[in-house]
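One structure is given below, encoded as structure tokens.
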Amino acid sequence: VEYAGFWIRVWASIIDSVLLVCVILPLLLWIYGWEYLELADSSLIAGPADFLVSWVMPAVAVIAFWLYKQATPGKMLVHARVVDAKTGNTLTTSQSVIRYLGYFVSAIPFCLGLIWVAFDPRKQGWHDKLAGTVVIRSRHRGPEPVVFDKS
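First residue of the sequence shown: 331, per my numbering; consecutive thereafter.
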């Protein structure tokens, strides 16, 4: 395995963001109607449903993907997995929650904690360091090689 670097993680994040928008925006438009777009411009949260759909639902989904698949859909598409830094095992629930909240810590100071991935030897962002996690990729990412029996 190898540590997943900055740019591959950026691609995974873009994929995940597009998928989230494709789920969240139709839900919010269904709940609030087209007025939601005006409400969203004027405040951070348009109402209780907006809070649940825009903030709680993504957090629960991301944490569930980390716990059950070791990766979000974007990371799966780039063959990356989030694992415990010491054991290489699946994250614990507390690690997952700390890692998710750590994204905010990483992003607030000009995204320095996210950019840190580019310079860290183990490719850990601040959120990874806080949670004790690493993002890895297998070196062989293609289909399994076929081995023919020579007998």
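Beta carbons: idealized from backbone N, C-alpha and C, even for Gly.
Grab me the residues of I361's own chain with a C-beta within less than 6 Å of its C-beta, minus the 5 sequence neighbours each way, in chain order.
Within the same chain, I361 has close Cβ partners A379.
Closest by CA to W284, which one among P451, F434, M406 and W337?
Not covered by the structure: residue 284. The range shown for the chain is 331 to 481.
My parser needs the alpha helix (DSSP H) runs of 4 or more residues fully inside the stretch 413-460; what are they?
Whole alpha helix (DSSP H) segments, 4+ residues: 423-437 and 442-445.
Could you give the distance in angstroms between the alpha-carbon of T423 and the alpha-carbon of G432?
The straight-line gap from Cα to Cα measures roughly 14 Å.
In terms of residues, what are the limits of the beta strand (DSSP E) holding I466?
Its beta strand (DSSP E) spans residues T463 to R467.
Taking A391 as part of the alpha helix (DSSP H), name the residues at either end of that continuous run.
M387 to K399 is the span of the alpha helix (DSSP H), which, as asked, contains A391.
Let's see if you can read the secondary structure: which residues bound the alpha helix (DSSP H) around A334?
No alpha helix (DSSP H) holds A334; DSSP gives it neither H nor E.
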